[in-house]
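Residues 434 to 1192 (my numbering) make up the sequence shown, in order. Down below is the structure, laid out as structure tokens.
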Amino acid sequence: MYILSSLLLLVSSTLAAQTTGTVIGSIFDATTGRPIVGATIAVDGHTDQSQKTNPTGGFQLTLSPGKYKIRYTAENYVDTTVDEVEVKAGEVTDASAVMPLKGTTTTIEVVEKVGAVAANAEAALSERKLAAVVSDSMSAEEIRNTVASDAAGALEKVTGVSIVDNGFVYVRGLGERYSATMLNNAMVPTTEPERRVVPLDLFPSSLIDSIKVLKTYSPDLPGEFSGGLVQLGTIEFPTQKVFRVSMNYGFNTVTTFNRFNGYSGGGLDFFGFDDGTRGLPSGIPTDNRLFVGRFTDQQFQEFGRSFANNWEASPINSMRPAQTYSVVGGNSFWKGKLGIVGAITFTNHPQRTDELQRFLVNSGGGRARIFTDYPDFQSNVEAAKLGGVMNVAYRFNSSNKLVWRNTLTRDTDKEARIFRGLNGGNDNIVESTRLRFIERGMISSGVEGEHALEKLGNTVVHWQFTYATSKRDEPDMRESIRGLQSNGNYSFLNLPESGLRFFNNLRDKIYEPQADISKPFFKGSISGLFKVGFRGTIRRRDFEARRFRYFPVRAQTIDFNKPTNEVLGPNNIRPDGFVVREITRATDSYDATTDIYGGFAMVDLALGRRWRVISGLRIEDAQINVITLDPLVPNARPTSAALYNRDPLPAANLIYQVSGRQNIRFGYSRTVNRPDFRELSPFEFTNVVGGYSTVGNPDLQRATIDNFDVRWEYFPKGNQIIAVSYFYKKFKDPIEQIYRPTASELRQSFLNVDGAVNQ
């Protein structure tokens, strides 16, 4: 409501008449691409419009319609002028420029264009050409042109990046554990206990201003990535008044107006909120396990009947189309000193997936046999997403700026899954129905400051503190399994996964303080930037699960051939029929902490106009603790996993500028990969009956990776690029998944192996 109210307050000013135009821009070093802090911007004939660039090299002018000449001057740099800058009422003109260092000879290309509010594709490509590391990027303009609904869809267009499993990023063929995600320069907590990184489909594209994928490492970045680091940025200072409302409907031949399997839930399911329908019944004790001997038969009957009798999918004859609604608004006030931008977006997207799932085991002699075979595997998901952004930025003057950023995302899947086929555990044809409701959410709030100290040679101080919390709630997942009988009908089976109700919730919190100081220096044709800083990542997770199952006591009193809602109906829940038992395991609850403190020092050195060296060292101290303990069992013994490492992480990137349009890059770095909480905890979960169950390994160690990169880049014109890259990564003690067949199932776990190579 706060975000919506703020957006509505912006409407009146947005609709007001506009009699002036805006000139924005950034000034960069022509060789290194570093922003030039404290450069003077002067408009010929308008002495009152003179100002200096801020700590990010940016500026913003408000001018009456007309054509202007703008001059840029800065100590140690050649003066630069941009002519014929045309300003139109209510529009934004981009007057960015590059300035060569005195004593060097270079060619400057200045492109003046009337641009959109957000970054344009050419500016993003210019930033990539002058970047310190190998990277790919997308501007807001490019994201909009992809017609992608979220960040995951937009990233599919980036070279070397693959999106799998509805939003998880693979960079350079490396799985999700080797990638990381940052939002506004802060790490994003995961919403998935089974997965390592953030699902990028959490972030609606309308909230994103830019996406960068860094493929090589520099010491000012967190050391835990090898494949790539995804950096998402949201809009900070709106350069003109904007208020945009959009509504989209999507149709497809699989779900739209066709039969769809759903199930009855709560009144707020469409919006992705459970209204309490799936909550643990109030009569179930929250401080005791439902163990035999602790409660009477009558109490167990009441416990069993208190759960909703809802085990079957309910067909929807005509499914609605996909729907997306969004509102975006923003404006700058007080002569551009105060910027406010906000956005809300909501999507509901039905999706049906038909697939074949087959699990194989090695039966000896190097031959594999089919253990489980489900040729008829269908999942029907109603996905609801809600996103919000509210950013407030205040520029005290050209040297000091504060930003307060707030981001909210929610992603809910309501799934009805049905599959049929051979179950390897009991060697029978089975039919499984699983009803699931998963709510994922993330809230990030951070304050950031940038300060340019002109008296100290334009030293820039940057600091930031971010608090982010994520959650994942899965209330009342229920599953029933029926077996094929000789008469062709299916009958309820008494299996460990049948008649199961599963509740679990996860809470992840990240506190991230960081600060750095950058000091430029110049000597003849040599220029450079010295940078030191630190970053702390303090992460806390609580995970808890509870499992309940209905057991038949006297099978002869129950007709298992009836529909599941009747088999497990209230009349059959009695002391001599079905009884509910809690089968929560001792490993179904764990607390985990990670404390990572890193400090770095690096130098970005330009040697003349062709050679550039970016090198430095980062040292990270990391301590991970995972304690698995059932808090509701007296005298329970915990299972602990502890890991401590101090890692020096060097990096060196060498860039040779063949011409104004060509670069050759060389890079070396060492990075690390640490085990995740889930991988260290012995918590066990089976996603598909007859398939793999997953259990952690408390003895895992962190892996180290040596990374080597070479890239040739050619920028023909505009927003075009041709690039050829080669990379080589050598892993020591990488963490890999292993599979071990047991008598009744396939078990998956994690293990450090000796080494690996990726190229």
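Think of the CB as a built atom: it goes at the ideal place given N, C-alpha and C, for glycine as much as any other residue.
Contact set for GLN811: own chain, Cβ-Cβ below 6 Å, skip 5 residues either direction
ASP787 and ILE851
Among all the DSSP beta bridges, which residues are the ones paired with SER1114?
SER1114 is bridged by DSSP to nothing; it lacks a bridge partner.
Determine the burial state of ASP477: buried for a count of at least 16 other Cβ atoms within 10 Å of its Cβ, exposed for fewer.
exposed
According to DSSP, LEU962 sits in a beta bridge with which residue or residues?
PRO953 and ASP1037
Return the Cβ separation of THR464 and THR506 in integer angstroms, given the expectation that the two are a contact with Cβ distance under 8 Å.
That pair is no contact at about 18 Å.
For PHE1183, does the count of other Cβ atoms within 10 angstroms reach 16, so buried, or fall short, so exposed?
It is buried - the Cβ of PHE1183 has at least 16 other Cβ atoms within 10 Å.
Figure out for me which residue from THR970, ALA1074 and ALA1034 has the closest Cα to the Cα of THR1027.
THR970
Per-residue burial, PHE829 [other beta carbons within 10 Å of its own, 16 or more giving buried]
exposed
Span separating the alpha-carbon of ALA551 from that of GLY961
Note on ALA551: pLDDT 32, under 50, position unreliable in the model; the coordinate value appears next. Their backbone Cα atoms lie some 30 Å apart in a straight line.
C-beta contact flag for SER765 and GLY772 at 8 Å
yes
Inter-stretch contact at 8 Å, needing at least 3 Cβ pairs: the segment 971-991 / the segment 650-661
Judged by Cβ distances under 8 Å, the segment 971-991 makes no contact with the segment 650-661, as fewer than three pairs qualify.
In three-state DSSP terms, what is VAL1186?
coil
Indicate whether ALA584 and ILE641 have their beta-carbon atoms separated by less than 8 Å.
yes
Within 8 Å, strictly: CB atoms of VAL515 and LYS535
No; because the gap between Cβ atoms is not below 8 Å, this pair is not in contact.
Note down the Cα distance separating ALA826 from SER759, rounded to an integer number of angstroms.
22 Å
Under the rule that 16 or more other beta-carbon atoms within 10 Å means buried, what is PHE724, buried or exposed?
exposed
Taking Cβ to Cβ, would you say THR486 is nearer than 8 Å to SER831?
In contact: THR486 and SER831 (Cβ atoms closer than 8 Å).
With DSSP as the reference, label LEU889 as helix, strand or coil.
Three-state DSSP puts LEU889 in a helix.
Can you name the start and end residues of the alpha helix (DSSP H) that VAL1000 belongs to?
997-1000
Contact check, ALA1075 vs ALA1019, beta carbons under 8 Å:
In this structure, ALA1019 does not lie closer than 8 Å to ALA1075 by Cβ.
Between which two residues does the beta strand (DSSP E) containing GLY458 stretch?
454-462
Could you pull the start and end residues of the alpha helix (DSSP H) that LEU588 belongs to?
584-588
Roughly how many angstroms lie between the CA atoms of MET571 and VAL663, to the nearest whole one?
Their backbone Cα atoms lie some 11 Å apart in a straight line.
Return the residue from the list ARG785, VAL1059, GLY606 and PHE954 that minimises the CA-CA distance to MET752.
ARG785
Could you tell me which residues DSSP puts in a beta bridge with LEU494?
VAL456
Please classify ASP708 as buried or exposed, where buried requires at least 16 other C-beta atoms within 10 Å of its C-beta.
exposed
Spatial neighbours of GLY491 within its chain, please: C-beta separation below 6 Å, excluding the five flanking residues on both sides.
Once the five neighbours on either side are set aside, the close Cβ partners of GLY491 are SER459.
Taking the alpha-carbon of SER924 as reference, which of ALA1084, ASN861, PRO1115 and TYR900 has the nearest alpha-carbon?
Relative to SER924, the option among ALA1084, ASN861, PRO1115 and TYR900 whose CA is nearest is ASN861.
ALA1039 and TYR650 closer than 8 Å at C-beta
no
In angstroms, rounded to a whole number, what distance separates the CA positions of ILE876 and ASP702?
21 Å
Apart from the five residues just before and just after SER739, which ones in its own chain have a Cβ nearer than 6 Å to its Cβ?
Excluding residues within five positions, the ones whose Cβ falls inside 6 Å are PRO714 and GLY716.
Using the three-state DSSP reduction, which class does MET615 fall into: helix, strand or coil?
strand
Bridge partners for LYS1140 per DSSP, in chain order?
Reading the sequence as shown, one finds Asn at residue 1140 and not Lys. When DSSP reads this structure, ASN1140 sits in a beta bridge with SER1102 and LYS1162.
If I'm right that ASN781 touches ALA801 with Cβ under 8 Å, what's the distance once you round it to whole angstroms?
Actually they are not in contact, since the Cβ atoms of ASN781 and ALA801 sit about 41 Å apart, beyond 8 Å.
Inter-stretch contact at 8 Å, needing at least 3 Cβ pairs: the segment 993-1000 / the segment 922-941:
yes
Within the segment 840-890, note down every full alpha helix (DSSP H) run reaching 4 residues or more, in order along the chain.
none
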